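Okay, so here's the structure we're looking at.
Protein chains: 2
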Amino acid sequence: MGLEEYFPVWNQLTSGERELLLGTAVKRTAPKGALLHSGSADCVGLFVLRSGQLRAFILSDEGKEITIYRLFERDVCLFSASCMMKNIQFDVDVEAEKDTEMWVVPADVYKRLMDGSLAVANYTNQLMASRFSEVMWLVEQIMWKSFDKRLAEFLLEESALNDGNTLKITHEKIASHLGTAREVVTRMLRYFQSEGMVSLARGTVELTDRKRLQALVK
Amino acid sequence: MGLEEYFPVWNQLTSGERELLLGTAVKRTAPKGALLHSGSADCVGLFVLRSGQLRAFILSDEGKEITIYRLFERDVCLFSASCMMKNIQFDVDVEAEKDTEMWVVPADVYKRLMDGSLAVANYTNQLMASRFSEVMWLVEQIMWKSFDKRLAEFLLEESALNDGNTLKITHEKIASHLGTAREVVTRMLRYFQSEGMVSLARGTVELTDRKRLQALVK
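As structure tokens, this is what we get:
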């Protein structure tokens with residue numbers, strides 16, 4: 086299957102726009118661990134994922150990282166082409182977390198599409214709104230409300246009480262222990278899972294990286 | 086002057102779109118202190134500022150606030166109409182910091198414009214990119230690098246050394262004291278100024294709210 090199966094609003098493009106895309110997008114594979122984009126230093130273009138997994142993160146001067154989102158099959162990475170939008174003034178790094186196949190659409194080509202196609206412009210809006218929401222969630226939950234710490238602490242305590250890494254407990258129950266809503270617990274547990282700290286199954290939470298959970302509590 | 090002088094891409098609208106806007110936008114005044122928009126509970130519409138000043142902030146369960154941006158004459162507040170974008174999943178509150186005059190464009194009207202006009206869609210993209218950048222800056226500087234604390238500490242120490250609230254010092258010099266770039270210092274000082282903690286003039290920084298600066302350090 087080609088780019089036409091993966092590009093989000095392909096059906097709403099004109100034939101000229103389709104030709105432009107097919108003529109300029111480059112297929113690329115990246116091995117696990119490869120750094121694909123680094124801050125504002127490069128502007129490699131828009132990534133459209135065919136398979137694999139990418140991680141976008143910000144990096145402090147001291148080398149600390151915060152993952153801001155992950156990308157999977159069919160996802161589109163906008164910030165690797167952020168130079169095309171003059172108002173984006175922050176730096177995001179992107180690395181491959183698994184062996185990844187993708188198309189790279191040059192930034193200037195995507196800009197032309199955005200400037201000429203309502204479908205692409207509004208798709209970009211929705212994409213940015215999603216990423217924005219993920220970052221706002223991180224701001225509120227992790228940096229502000231410290232809910233990640235409280236949840237990690239709770240999981241470690243429960244695990245010590247049960248003498249094992251697998252907790253039989255519902256998200257609902259955790260929520261009532263911590264005085265919050267089930268949705269908040271579910272979302273943070275999924276975040277922990279995406280970071281490899283826990284593994285979720287119906288009615289159970291398995292602690293898969295105690296060290297990182299302990300590091301969160303400190 | 087009417088909305089046609091203030092709406093950002095007025096010149097690029099069709100006559101039908103202009104009529105729609107003029108026929109549905111409502112002029113509104115808000116006294117200083119008024120809460121104009123509160124989270125996802127309401128979706129009052131897009132604000133286009135004629136005069137005055139608005140503040141957008143997020144609010145924790147415990148009532149703590151973080152200002153995420155301010156709006157001045159001719160600015161547009163998107164998140165008071167966030168219901169029109171299904172991917173925006175965070176809550177922002179908006180209050181008037183000064184007596185404010187504005188037009189309110191109903192969310193569904195703005196959505197129609199965005200879906201029909203390339204100019205409006207791409208303007209919205211740029212607007213969101215700007216706000217996104219401001220939030221990312223806050224994340225990196227304040228919550229992560231704690232540069233606000235270091236700068237507040239430095240200003241208070243200098244003020245104690247000089248025995249006065251007005252420091253004669255350039256941003257360049259502050260930057261070299263703190264081992265950072267001038268731009269970083271300037272931006273944080275402007276943030277402090279917008280929060281009423283300092284007042285800036287050529288070559289001087291006046292401390293106007295020592296208590297809040299001290300609170301930052303703690």
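Going down the list, the protein sequences come from chains U and P.
Each residue of the first sequence is one higher than the one before, starting from 86 at the first, in the working numbering.
Each residue of the second sequence is one higher than the one before, starting from 86 at the first, in the working numbering.
C-beta atoms are modelled at their ideal positions from N, C-alpha and C, and glycine is treated no differently.
Keep in mind the model is a prediction, meaning the values are calculated, not measured.
On the three-state DSSP scale, how would you describe residue i?
i: U:SER136; result: strand
i: U:SER202; result: coil
i: U:ALA110; result: coil
i: P:SER231; result: coil
i: U:ALA163; result: The sequence given here places Leu at residue 163 of chain U; Ala does not occur at that position. Looking at U:LEU163 - three-state DSSP - the assignment turns out to be coil, as it is neither helix nor strand.
i: U:ARG155; result: strand
i: P:VAL266; result: A small correction: the amino acid at residue 266 of chain P is Ala; Val does not occupy that position in the sequence shown. Looking at P:ALA266 - three-state DSSP - the assignment turns out to be coil, as it is neither helix nor strand.
i: U:MET282; result: coil
i: U:PHE322; result: Because chain U is modelled from 86 through 303, residue 322 of chain U falls outside the range shown and cannot be assessed.
i: U:VAL129; result: coil
i: P:GLU89; result: helix
i: P:ASP193; result: helix
i: U:ALA115; result: strand
i: P:GLU225; result: helix
i: P:LYS253; result: strand
i: P:MET187; result: strand
i: P:VAL94; result: coil
i: P:THR271; result: helix
i: P:GLU182; result: coil
i: P:THR289; result: strand
Take residue i as the anchor and find which of the options has the nearest alpha-carbon.
i: P:ALA300; options: P:PHE277, P:LEU285, P:ARG287, P:GLY288; result: P:PHE277
i: P:GLU257; options: P:ASN247, P:ARG272, P:THR251; result: P:ARG272
i: P:LEU292; options: P:ARG267, P:ASN247, P:SER261; result: P:ASN247
i: P:ARG232; options: P:VAL269, P:ALA204, P:LEU198, P:ALA245; result: Per the sequence shown, residue 232 of chain P should be read as Phe rather than Arg. Of P:VAL269, P:ALA204, P:LEU198, P:ALA245, the residue nearest in Cα terms is P:VAL269.
i: U:GLN211; options: P:GLU180, P:ILE254, P:VAL283, P:MET170; result: P:MET170
i: P:GLY101; options: P:LEU198, P:HIS262, P:SER261; result: P:LEU198
i: P:GLU219; options: P:ALA166, P:PHE92, P:ARG275; result: P:ARG275
i: P:ARG295; options: P:PHE92, P:TYR195, P:GLY249; result: P:GLY249
i: U:LEU106; options: U:THR114, U:ALA115, U:ASN96; result: U:ASN96
i: U:CYS162; options: U:TRP222, U:GLY130, U:ILE173; result: U:GLY130
i: U:LEU234; options: U:LEU263, U:PHE217, U:TRP188; result: A small fix is needed here, since residue 234 of chain U is Lys in this sequence, not Leu. Comparing Cα-Cα distances from U:LYS234 to each of U:LEU263, U:PHE217, U:TRP188, the minimum goes to U:LEU263.
i: U:GLU104; options: U:GLU89, U:PRO116, U:LYS112; result: U:GLU89
i: U:PHE132; options: U:ALA204, U:GLU158, U:GLY118, U:ALA266; result: U:GLU158
i: U:LYS303; options: U:GLY281, U:ARG267, U:ALA266, U:LEU236; result: U:LEU236
i: U:MET86; options: U:THR99, U:LYS112, U:LEU98; result: U:LYS112
i: P:LEU98; options: P:LEU298, P:ALA214, P:MET213, P:VAL205; result: P:VAL205
i: P:GLU180; options: P:PRO116, P:LEU203, P:GLU225, P:THR265; result: P:PRO116
i: U:ILE151; options: P:THR265, P:LEU121, P:GLU225; result: P:GLU225
Does the CB of residue i have a neighbour CB from chain P at under 9 Å?
i: U:GLY101; result: no
i: U:TRP222; result: yes
i: U:PHE217; result: yes
i: U:GLU225; result: yes
i: U:ASP160; result: no
Once you ignore the five residues that flank residue i on each side, which residues in its own chain have a CB closer than 6 Å to its CB?
i: U:PHE164; result: VAL177
i: P:THR114; result: GLU186
i: P:SER123; result: ASP178
i: P:ASN267; result: This sequence places Arg at residue 267 of chain P; Asn is not what is there. Closer than 6 Å at the Cβ level, and outside the excluded window around P:ARG267, lie HIS256, GLU257, ALA260.
i: U:LEU134; result: LEU156, GLU158, ASP160, MET187
i: U:SER167; result: ILE173
i: U:LEU120; result: GLU180
Excluding the 5 residues preceding and the 5 following residue i in the sequence, name in chain order all residues of the same chain whose CB lies nearer than 8 Å to its CB.
i: U:ARG155; result: GLN138, LEU139, ARG140, ALA141, GLU182, SER279
i: P:LEU252; result: LEU240, GLU243, SER244, THR289, VAL290, GLU291, LEU292
i: U:TYR208; result: PRO93, VAL94
i: U:ILE153; result: ALA141, PHE142, ILE143, VAL177, ARG216, GLU219, VAL220, LEU223
i: U:THR109; result: VAL190, PRO191, VAL194
i: P:GLY201; result: GLU102
Would you say residue i reaches chain U, if we count a Cβ-Cβ gap shorter than 9 Å as a contact?
i: P:THR114; result: no
i: P:ASP294; result: no
i: P:MET213; result: yes
Within its chain, find whatever has a CB closer than 7 Å to the CB of residue i; leave out the 5 residues flanking it on each side and keep chain order.
i: P:SER284; result: GLN278, GLU291, THR293
i: P:ILE259; result: PHE239, VAL270
i: U:THR255; result: GLY288
i: P:LEU298; result: ALA237, LEU240, LEU241, MET282, LEU292
So if I threshold CB-CB distances at 8 Å, which residues from the region 171–194 of chain P count as touching chain U?
Only those residues of the region 171–194 of chain P whose C-beta falls short of 8 Å from the nearest C-beta of chain U are listed: LYS171, ASN172, ILE173, GLN174, PHE175.
So if I threshold CB-CB distances at 7 Å, which residues from the region 196–209 of chain U count as touching chain P?
Within the region 196–209 of chain U, the residues whose Cβ lies closer than 7 Å to some Cβ of chain P are MET199, ASP200, LEU203, ALA206, ASN207, THR209, listed in chain order.
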